[in-house]
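Going down the list, the protein sequences come from chains A and B. Reminder that position 75 of the first sequence reads as 86 in the working numbering, one-by-one numbering, no gaps. Reminder that position 32 of the second sequence reads as 112 in the working numbering, one-by-one numbering, no gaps. Shown next, in structure tokens, is the structure this report addresses.
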Amino acid sequence: MAGLCRLRLETCMKSAVLVFPGINRERDMARALKLASGHDSTMVWHADTALPKGTDLVVVPGGFSYGDYLRCGAIAARSPVMDAVRAFAADGGLVLGVCNGFQILCESGLLPGILMRNAKLKFICHDVHLRVERSDTAFTRGYNAGQVIRVPIAHGEGNYTADAETLKRLEGDGRVLYRYCSATGEVGDLHNINGAAQSIAGIVNERGNVLGMMPHPENHVEDIMGCTDGRGLFAGLVEHLAHAA
Amino acid sequence: MKARVTVTLKNGILDPQGKAIEGALKSLGVEGIASVRQGKVFDIEIPGADKAKAEAALKDAADKLLANTVIENYRVEIV
């Protein structure tokens, strides 16, 4: 805990965590945000039409919004609060979507592509390794480029896909920030846990202010969790906002 | 008026569920099946008798929610 306090910068990261029926990771997320920033998040209900004033970061947490009915994230993506999130993102505001949150961001059009059923059809729930592809973004500045981190995944639909043109653009623009890999950073079919195109675990939008990722960094932030590799993402966001302020 | 919207995966989109069903049919000994693709069917009731209006509403529904046009096609029919 003392280590976290030392890392804490003088900033007032105002984060809003969206809550949809069936979401179950919002408290984990709020806890990780508080650890990193020292400030409580505001929980924002899906039927709200506005975000709290002065919000710096919107987080769409994981879970099973609307029981994954129709398509994962499809119904949540059309809820009233998402119009406010779209406007916030269009203004350059930071948006982070994790797991179901990633699916919701894809369904809402904030990120391209879609998360399909895992290639082997199984729900997968264990730790995976991720290679951080670059460190010069708001969502990765807490890591080094090429660094391998260990974080848990828990999903049945995390198999990212998009049309060939979009995939080419994502790679060409360096918008793949996290990729499934081995413990030593090799990327390949063997380590591509859910069959995602190009082992994609997390991508950003064109402007670089909206990140979607399937793994759960918020579940590896305290010693008691057995690993703290997820901290870098949140510490990086706090640092980014401190520098922007 | 009764209507039906059928949502199917676009060609070239991998369908692991369809593949699993295909495999299960083979292991059941069901003969003469080359391949299976899984889709969704929505049966929808529409008030009134204006066909054109109904079709427009169904198309709107499919575009906005029922189908994800990144990976899916849809067909609208009044039955």
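Backbone N, C-alpha and C fix where the C-beta goes; we use that ideal spot for every residue, glycine too. Here the structure is a predicted model, which is why all the values come from computation and not from measurement.
For the putative contact between residue i and residue j, defined by C-beta atoms under 8 Å, what is the C-beta separation to the nearest angstrom?
| i | j | result |
| --- | --- | --- |
| L46 (chain A) | V232 (chain A) | 6 Å |
| D95 (chain B) | Q118 (chain B) | 6 Å |
| A134 (chain B) | A83 (chain B) | 6 Å |
| L68 (chain A) | L121 (chain A) | Not a contact, Cβ separation roughly 14 Å. |
| A165 (chain A) | C136 (chain A) | 4 Å |
For the beta strand (DSSP E) that residue i lies in, which residues bound it at each end?
| i | result |
| --- | --- |
| P163 (chain A) | 159 to 166 |
| V71 (chain A) | 68 to 71 |
| L46 (chain A) | Unbroken run through L46 (chain A) is the alpha helix (DSSP H), 37 to 48; no beta strand (DSSP E). |
| L81 (chain B) | The displayed chain sequence assigns Met, not Leu, to residue 81 (chain B). Element bounds for M81 (chain B): n/a, residue is neither H nor E. |
| C136 (chain A) | 135 to 143 |
| G169 (chain A) | Premise fails: G169 (chain A) is in no beta strand (DSSP E) and is neither H nor E. |
| G213 (chain A) | 211 to 215 |
| R190 (chain A) | 187 to 192 |
Since residue i is in the alpha helix (DSSP H), which residue starts that stretch and which ends it?
| i | result |
| --- | --- |
| H254 (chain A) | 242 to 255 |
| V232 (chain A) | Element bounds for V232 (chain A): n/a, residue is neither H nor E. |
| T177 (chain A) | 175 to 183 |
| F113 (chain A) | 111 to 118 |
| V96 (chain A) | 91 to 101 |
| L138 (chain B) | 131 to 141 |
Residue i and residue j: beta carbons closer than 8 Å?
| i | j | result |
| --- | --- | --- |
| N230 (chain A) | N205 (chain A) | no |
| V71 (chain A) | M54 (chain A) | no |
| R186 (chain A) | V215 (chain A) | yes |
| A137 (chain B) | I126 (chain B) | yes |
| F31 (chain A) | Y80 (chain A) | no |
| A91 (chain A) | T60 (chain A) | It should be pointed out that residue 91 (chain A) corresponds to Pro in this sequence rather than to Ala. For P91 (chain A) and T60 (chain A), yes; Cβs fall inside 8 Å. |
| M225 (chain A) | F75 (chain A) | no |
| A43 (chain A) | G213 (chain A) | no |
| T148 (chain A) | L188 (chain A) | yes |
| G167 (chain A) | N129 (chain A) | yes |
| L116 (chain A) | L248 (chain A) | no |
| K167 (chain B) | I151 (chain B) | As displayed, chain B neither begins before 81 nor continues past 159, which places residue 167 (chain B) out of reach and without an answer. |
Looking at the strands, I want to know which residues DSSP matches up with residue i.
| i | result |
| --- | --- |
| E152 (chain B) | B:L89 |
| K106 (chain B) | Beta-bridge pairing links K106 (chain B) to no other residue. |
| A27 (chain A) | A:T53, A:V69 |
| D123 (chain B) | B:R84 |
By the criterion of Cβ-Cβ separation under 8 Å, what are the contact partners of residue i in chain A?
| i | result |
| --- | --- |
| I151 (chain B) | I125, M127, T172 |
| L145 (chain B) | L81, A85, I86, R89 |
| A100 (chain B) | L132 |
Give me the chain B residues within the contact set of residue i, using Cβ-Cβ distance strictly less than 7 Å, ordered along the chain.
| i | result |
| --- | --- |
| A207 (chain A) | Going along chain B, no residue has its Cβ under 7 Å from A207 (chain A), so there is no contact; the nearest lies around 11 Å. |
For a contact meaning CB atoms closer than 8 Å, what does residue i contact in chain B?
| i | result |
| --- | --- |
| E37 (chain A) | Within chain B, no residue comes near E37 (chain A); the closest Cβ sits about 24 Å away, beyond 8 Å. |
| E118 (chain A) | N148 |
At 9 Å on the CB atoms, spell out the chain A contacts of residue i, in chain order.
| i | result |
| --- | --- |
| P127 (chain B) | Those do not exist, as P127 (chain B) stays about 22 Å from chain A at its closest Cβ, beyond 9 Å. |
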